[in-house]
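A.B. asks: Numbering (this note's numbering), first residue to last: 1 to 234. First, the structure itself, so that you have it in front of you.
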């Protein structure tokens, strides 16, 4: 098997005459024995506090908005996430997002630290859709009764697919409204409210399709706890 390395890694291999040893390696663990540890560090290893400081220095001398994503471990605590956003504000950042491993579809992952989705995506399930029984993988995409698309795995996790004997059938996942959703519902249900004004405040979300999208401080934010879509204009 012929191996291809990143140019920086390849330069290191050539400089230290490790070409023959590198080609003999059959796993990542074998490569770890001959290459520096920092070659195997991903975005998860970057200290969020230092990242914010560096981005703040760049932003100080650039007119356009700079945005980046902080990749965090699955077991990160809410207080740390809160401090990241507060530190970003204190350092004058114009854009920053946080991705907690496993919170949505995997973006970055390592072989040694797979998410639950990655471990179960190839598992087969008997699923009944529109009266027809099908054998589907965990990463197969299905359409929910409300029109949203999701994977079999995530539908099972949310309760949209419920166990019925030896198969799974589509049901309705229980949802408890958040404070933001309650505000959205109040706008629509208040008999004394000006509905035209409410329509201007809440639009249809491009992600979940619900009329729970508001514009606040130049950002589009979905108020639905089942979605969480957000987008900020530059």
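Cβ atoms here follow ideal geometry from the backbone N, Cα and C, with glycine treated the same way.
Going by beta carbon distance, what residues of the same chain come within less than 7 Å of residue 153, once the five residues before and after it are set aside?
C.D. replies: 117, 120, 121, 138 and 139.
A.B. asks: Quick one: grab the DSSP three-state call for residue 20.
C.D. replies: Helix at residue 20.
A.B. asks: Let me check understanding here. Comparing Cα to Cα, which of 87, 32, 93 and 83 lies closest to residue 61?
C.D. replies: Measuring from the Cα of residue 61, the nearest candidate turns out to be 93.
A.B. asks: Below 8 Å on the Cβ atoms is my guess for residue 124 versus residue 135; work out the distance and round it to an integer in Å.
C.D. replies: Correct: roughly 6 Å between the Cβ atoms.
A.B. asks: Answer yes or no: do residue 69 and residue 99 have a C-beta to C-beta separation smaller than 8 Å?
C.D. replies: Yes.
A.B. asks: For a test of the three-state rule: what should DSSP assign to residue 66, helix, strand or coil?
C.D. replies: DSSP places residue 66 in coil when its eight states are reduced to three.
A.B. asks: Since residue 53 and residue 91 should fall inside the 8 Å C-beta cutoff, what is the C-beta to C-beta distance between them, to a whole number of angstroms?
C.D. replies: Yes, residue 53 and residue 91 are in contact; Cβ-Cβ is about 6 Å, under 8 Å.
A.B. asks: In whole angstroms, what is the alpha-carbon distance linking residue 208 and residue 227?
C.D. replies: Cα to Cα, the separation comes out at about 6 Å.
A.B. asks: I'd like to confirm the pairing. Which residues does DSSP put opposite residue 162 in its beta bridges?
C.D. replies: 169, per the DSSP bridge assignment.
A.B. asks: Cβ of residue 149 within 8 Å of Cβ of residue 160?
C.D. replies: No; because the gap between Cβ atoms is not below 8 Å, this pair is not in contact.
A.B. asks: Taking C-alpha atoms, which residue in 204, 141, 47 and 15 lies nearest to residue 76?
C.D. replies: Nearest C-alpha to residue 76: 47.
A.B. asks: Give me, in chain order, the residues of the same chain whose beta-carbon lies closer than 7 Å to that of residue 87; leave out the 5 immediate sequence neighbours on both sides.
C.D. replies: 49 and 52.
A.B. asks: Check for me: the beta strand (DSSP E) holding residue 135 runs from which residue to which?
C.D. replies: Per DSSP, residue 135 belongs to the beta strand (DSSP E) from 132 to 137.
A.B. asks: Hey, out of 71, 56, 27 and 30, whose CA is closest to residue 43's CA?
C.D. replies: Ranking the options by Cα distance to residue 43, first place goes to 71.
A.B. asks: With a CB to CB cut of under 8 Å and the five nearest residues on each side skipped, what residues in its chain are close to residue 102?
C.D. replies: Counting only Cβ-Cβ distances below 8 Å, and skipping sequence neighbours, we find 74, 115, 116 and 117.
A.B. asks: If we ignore side chains and look at the alpha-carbon of each, how far apart do residue 216 and residue 41 end up?
C.D. replies: Computed Cα separation, rounded: 37 Å.
A.B. asks: Mind checking whether residue 205 and residue 219 have CB atoms under 8 Å apart?
C.D. replies: Result no, Cβ atoms of residue 205 and residue 219 do not sit closer than 8 Å.
A.B. asks: How many angstroms separate the CA atom of residue 155 from the CA atom of residue 147?
C.D. replies: Roughly 13 Å separates the two Cα atoms.
A.B. asks: Give me the residue from 128, 6 and 141 with the minimum Cα distance to residue 165.
C.D. replies: It is 128 whose Cα lies nearest to the Cα of residue 165.
A.B. asks: Given a threshold of 16 other Cβ atoms within 10 Å of its Cβ, counted over all protein chains shown, does residue 174 qualify as buried or as exposed?
C.D. replies: A caution first: residue 174 carries a pLDDT of 42, below 50, which makes its placement in the model unreliable, though a value can still be read off. Exposed, by the Cβ-count rule.
A.B. asks: Between which two residues does the beta strand (DSSP E) carrying residue 230 extend?
C.D. replies: Unbroken beta strand (DSSP E) run through residue 230: 230 to 232.
A.B. asks: Excluding the five sequence neighbours on either side, which residues of its own chain have a C-beta within less than 6 Å of the C-beta of residue 22, listed in chain order?
C.D. replies: The answer, listed in chain order, is 13.
A.B. asks: Terminal residues of the continuous beta strand (DSSP E) containing residue 116?
C.D. replies: Not the beta strand (DSSP E): residue 116 falls in the alpha helix (DSSP H), residues 116 to 120.
A.B. asks: Please name the residue, chosen from 151, 133 and 19, that lies closest to residue 141 on a Cα-to-Cα basis.
C.D. replies: Checking every option, the nearest Cα to that of residue 141 belongs to 151.
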